[in-house]
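Residue numbers (the UniProt record's numbering): 1 to 151. Glycine included, every Cβ here is placed at the ideal spot set by N, Cα and C.
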Amino acid sequence: MRITNRAVSVIILAVAAIYLAFSFNLDSYPYAVIDADVLPKSLGILLLILGVFLFFEKDQKDTTVKKLFQLKKKDVKVMMLCVASLLIYISILEFIGFLLSTVMLLIVLPAVLGYRNWTTAALVSLIFSGTIYFSFNYVLNIMLPQGVMPF
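Here it is as structure tokens:
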């Protein structure tokens, strides 16, 4: 069975249309500058645009279902470790807080994916997590889970 970009894009466009219909039905609040519906609408529009691009994309030569879903055991192991890492992250997020759990996740995931430069991974995870935490807590006034951290 051959899968074409057009067939997949039609499915993506249908999902995007349904997603957008639901996101435009979200309630809006008069006192919020950036409302809760901004992200879902943005993601739906992005999905719609990417579906249109995929529709006009040229098909690859070998796109049989069997070829698309052939995975090596090593790749399956890496995917399972990533999923396990994310599940652990979700389960400890409230307890130890956003900052610590996100730093740990952003150090572990690159290691699982084969990146071995620990200092760069640690530095990027600290800067990224700190920036997101500061932006949400002090700029947007949206409190992220603080966990064991006093701030």
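Residue i versus residue j: straight-line alpha-carbon distance, rounded
i           : j    : result
I15         : A36  : The sequence shown places Val at residue 15, not Ile. C-alpha separation (whole angstroms): 20 angstroms.
F136        : G51  : 31 angstroms
F53         : P40  : 20 angstroms
residue 154 : N5   : Examination of residue 154 is not possible in this model, given that the chain is present from 1 through 151 alone.
P145        : A7   : 42 angstroms
A112        : M80  : This sequence places Val at residue 112; Ala is not what is there. So the two alpha carbons sit approximately 10 angstroms from each other.
L93         : L26  : 27 angstroms
residue 156 : S9   : Only positions 1 to 151 of the chain appear in this structure, which leaves residue 156 out of reach.
P150        : L87  : 25 angstroms
P30         : Q60  : 48 angstroms
V139        : Y133 : 10 angstroms
C82         : P110 : 10 angstroms
G114        : L48  : 33 angstroms
F22         : T119 : 43 angstroms
Neighbour-count burial assignment, residue i, 16 or more Cβ in a 10 Å radius
i    : result
I11  : exposed
F98  : buried
G44  : buried
Y108 : Sequence check: residue 108 is Val here, not Tyr. With 16 or more Cβ atoms within 10 Å of its Cβ, V108 is classed as buried.
S129 : buried
V76  : exposed
L46  : exposed
query: Which ranges does the alpha helix (DSSP H) cover as unbroken runs of at least 4 residues, wholly within the UniProt domain "DUF1468" (7–145), from first to last along the chain?
result: 38–56, 65–68, 73–96, 98–112, 118–134
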